[in-house]
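Using the working numbering, the letters of the sequence shown correspond one by one to residues 53 to 374.
Beta carbons: idealized from backbone N, C-alpha and C, even for Gly.
From a predicted model like this one, the values you see are computed outputs, not experimental measurements.
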Amino acid sequence: MKSAKRPAGSAPAPRSDRVVGSTTSGGEGEHYAVDWAHREGAVDELLGELERRSARRRHRRAIGAAGAAALLLLASFAWRSAGWPERVAQAAAGLSIVSFPARQVLPDGSLVELKDNAQIAANFTSSLRRVRLERGEAYFEVTKDAARPFVVEAGQIEVRAIGTAFTVQLHQGSAEVLVTEGRVAVEQPGGSTGAPTSPVSASKPQTLALVDAGNRVVIEMGSRLATPTPVQKVPASELADRLGWRIPRLEFSGTPLGEAIAMFNRHNEVKFVLADSALGAQKISGFLRVDQSETFLRLLESDFGLAAERRGPREVVLRRAP
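#1: Measuring only the C-alpha atoms, how far is Ala227 from Leu185?
#2: If you compare alpha carbons, which of Gly332, Leu340, Leu326 and Gln334 is closest to Ala360?
#3: Ends of the alpha helix (DSSP H) at Asp293?
#4: Run the CB neighbour count on Arg372, radius 10 Å, all protein chains shown included, and call it buried at 16 or more, exposed below.
#5: Could you say which of Phe218, His223 and Pro365 lies nearest to Val229 if we only look at CA atoms?
#6: State buried or exposed for Asp343, treating a residue as buried only when at least 16 other CB atoms are found within 10 Å of its CB.
#7: Across the region 160-174 and the region 232-244, are there enough close Cβ pairs to call them in contact, namely three or more that are closer than 8 Å?
#8: Specify, as a first and last residue, the run of the beta strand (DSSP E) that Ile313 falls within.
#9: Taking 7 Å as the limit between beta carbons, can you name the residues of its chain near Pro153, skipping five residues before and five after?
#10: In terms of alpha-carbon separation, which member of Asn320, Gly310 and Thr347 lies closest to Arg366?
#11: Can you look up Gly188 in the DSSP assignment and give me helix, strand or coil?
#12: Counting beta carbon pairs with one atom in the region 274-284 and one in the region 323-338, are three or more of them shorter than 8 Å?
#13: Which whole-angstrom value is the C-beta distance of Ser187 and Leu222, which I expect to be below 8 Å?
#14: Keeping to the same chain, check which residues put their C-beta closer than 7 Å to that of Leu262; ignore five residues upstream and five downstream.
#15: Output the distance between the C-alpha atoms of Pro159 and Arg268, rounded to the nearest integer angstrom.
#16: Which value, in whole angstroms, describes the spacing of the CA atoms of Asp355 and Pro257?
#17: Assuming contact is defined by CB atoms lying nearer than 7 Å, are Arg212 and Glu239 in contact in what I supplied?
#18: If I follow the unbroken beta strand (DSSP E) through Thr279, where does it start and stop?
#19: Secondary structure at Phe356, three-state DSSP: helix, strand or coil?
#20: Report the rounded CA-to-CA distance for Gln375 versus Leu340, giving the unit in angstroms.
#21: If I follow the unbroken beta strand (DSSP E) through Val229, where does it start and stop?
#22: Take the Cβ of Thr259 as the centre, count every other Cβ of all protein chains shown within 10 Å, and call the residue buried at 16 or more, exposed below.
#23: Determine whether the beta carbon atoms of Ala190 and Val157 lie at a separation below 7 Å.
#24: Less than 7 Å between the beta carbons of Gln334 and Leu302, yes or no?
#25: Rounded to the nearest angstrom, what separates Ile214 and Asn175 at their Cα positions?
#26: The beta strand (DSSP E) with Thr259 in it runs from where to where?
#27: One question on the structure: do Leu370 and Leu358 come within less than 7 Å of each other, judged by their Cβ atoms?
#28: Give the DSSP bridge partners of Phe379, in chain order.
#29: Please check the pair Ser337 and Phe304, which I expect to be a contact at CB under 8 Å, by giving their CB distance rounded to whole angstroms.
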């Protein structure tokens, strides 16, 4: 992956930054969900992405200034929900941002979270709530409404639920359904020819699989018929890893450790406290999920020479290790 060019006037990344690499171990549960950027040009990429995001934000503001108040509100929502920074701190020392996956609240109150460049289209009527997954992966938390089934179209199949939570991931030639709460029915519309543009038939659909919470199924989509693989149980550790993209991520670039810890504390029940404020001047670069307090602590101990003292389940005091 090529590094983005550094914006004019920006200083090179300080070589004293602590940049920690991602870690994987063969033991179950030892895969660190923290994925620190440890590669040449990581700081340049972050600076370039920040500049692109800022330009898009300025463009949205220009639309609002032209008098499109409704569009301004919509753009503001999209900026907050589409993975842009909630907060950006740009000082002489570096950058800090926190990003979220794109979120949409549907007319019935159901929540959809979109991974990366996923895209959906919704069509709600008085009797049916229908969402088409056009690409990528989406997570659905469905508001219960027995009178109006909730149906997600993905290629040749439909995923039908009343009130539940699940993900649908669309691949080329297949689709995967992973259920985290309740049960869904994976169906193929009756009379479907399998063509992506063919209308949904009014005849009775064919049930391909019933998937309960903690299970997944992959549907292979051929020229005419969709073929399900056996429903598989998903271990809790794998389930958490699969849904890790939904958790906000903190990104640092030459950020003082004190500021990085303060940002981490704002998004986590576990609070870190520096016993000596001078320790906070060290610089850190990389990105991690906000739920990885134990992994963050191990990194602070191993890479910053800090020792931890726990004061109850939600407070950790950090001192320079003897």
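Quick answer:
#1: Within the sequence shown, residue 227 is the residue found at index 175, counting from 1. Within the sequence shown, residue 185 is the residue found at index 133, counting from 1. Taking the straight line from one Cα to the other gives about 10 Å.
#2: The residue given as residue 360 occupies position 308 in the sequence shown. Nearest option by C-alpha distance: Leu326.
#3: Stepping through the sequence shown from its first residue, residue 293 is reached at position 241. From DSSP, the alpha helix (DSSP H) with Asp293 extends over Ala288 to Arg294.
#4: Taking the sequence shown and counting its residues from 1, one reaches residue 372 at position 320. So Arg372 counts as exposed.
#5: Counting from 1 along the sequence shown, the entry for residue 229 is found at position 177. Cα-wise, what sits closest to Val229 is Phe218.
#6: For the purposes of this step, residue 343 is identified with residue 291 of the sequence shown, where counting begins at 1. When all chains shown are included, Asp343 counts as buried.
#7: no
#8: By 1-based counting over the sequence shown, the position of residue 313 is 261. Not the beta strand (DSSP E): Ile313 falls in the alpha helix (DSSP H), residues Leu309 to Arg318.
#9: The count along the sequence shown starts at 1 and reaches residue 153 at position 101. Here the set comprises Gly135, Glu165, Leu166, Lys167, Trp297 and Arg298.
#10: Here residue 366 refers to the residue found at position 314 of the sequence shown. The residue with the shortest Cα to Cα distance from Arg366 is Asn320.
#11: Mapped onto the sequence shown, residue 188 falls at position 136. Looking at Gly188 - three-state DSSP - the assignment turns out to be strand.
#12: Of all C-beta pairs linking the region 323-338 to the region 274-284, fewer than three are shorter than 8 Å, placing the two stretches out of contact.
#13: Translated into positions along the sequence shown, residue 187 becomes position 135. Translated into positions along the sequence shown, residue 222 becomes position 170. First, the residue type needs correcting, since residue 187 is Arg and not Ser in the sequence shown. At roughly 6 Å, the Cβ-Cβ gap stays under 8 Å, so Arg187 and Leu222 are in contact.
#14: Residue mapping note: residue 262 aligns to position 210 of the sequence shown, counting from 1. The answer, listed in chain order, is Arg235 and Ala237.
#15: The residue labelled residue 159 in the question sits at position 107 within the sequence shown. The residue labelled residue 268 in the question sits at position 216 within the sequence shown. The C-alpha of Arg268 is placed about 27 Å away from the C-alpha of Pro159.
#16: Indexing the sequence shown from 1 puts residue 355 at position 303. Indexing the sequence shown from 1 puts residue 257 at position 205. Cα-Cα distance, rounded: 57 Å.
#17: Translated into positions along the sequence shown, residue 212 becomes position 160. Translated into positions along the sequence shown, residue 239 becomes position 187. A contact, by the Cβ cut-off of 7 Å.
#18: Taking the first residue of the sequence shown as 1, we reach residue 279 at position 227. Its beta strand (DSSP E) spans residues Ala278 to Pro280.
#19: As a position in the sequence shown, residue 356 is number 304, starting the count at 1. Correct three-state label for Phe356: coil.
#20: In the structure as shown, the chain begins at 53 and stops at 374. Residue 375 is therefore absent and cannot be evaluated.
#21: Against the sequence shown, residue 229 aligns to sequence position 177. Ser226 to Glu233 is the span of the beta strand (DSSP E), which, as asked, contains Val229.
#22: Residue numbering aside, residue 259 sits at position 207 when the sequence shown is read from its first letter. Answer is exposed; the Cβ neighbour count stays below 16.
#23: In the sequence shown, the residue the question calls residue 190 occupies position 138. In the sequence shown, the residue the question calls residue 157 occupies position 105. Result no, Cβ atoms of Ala190 and Val157 do not sit closer than 7 Å.
#24: Translated into positions along the sequence shown, residue 334 becomes position 282. Translated into positions along the sequence shown, residue 302 becomes position 250. In this structure, Leu302 does not lie closer than 7 Å to Gln334 by Cβ.
#25: Reading the sequence shown from its first residue, position 162 is the one you call residue 214. Reading the sequence shown from its first residue, position 123 is the one you call residue 175. One C-alpha to the other measures close to 16 Å.
#26: One-based indexing of the sequence shown puts residue 259 at position 207. Run containing Thr259: Gln258 to Asp264, per the beta strand (DSSP E) assignment.
#27: Residue mapping note: residue 370 aligns to position 318 of the sequence shown, counting from 1. Residue mapping note: residue 358 aligns to position 306 of the sequence shown, counting from 1. The answer is yes: Cβ separation under 7 Å.
#28: Not covered by the structure: residue 379. The range shown for the chain is 53 to 374.
#29: Sequence index remark: in the sequence shown, residue 337 carries index 285 (1-based). Sequence index remark: in the sequence shown, residue 304 carries index 252 (1-based). With 8 Å as the limit, Ser337 and Phe304 qualify as a contact, their Cβ atoms being about 6 Å apart.
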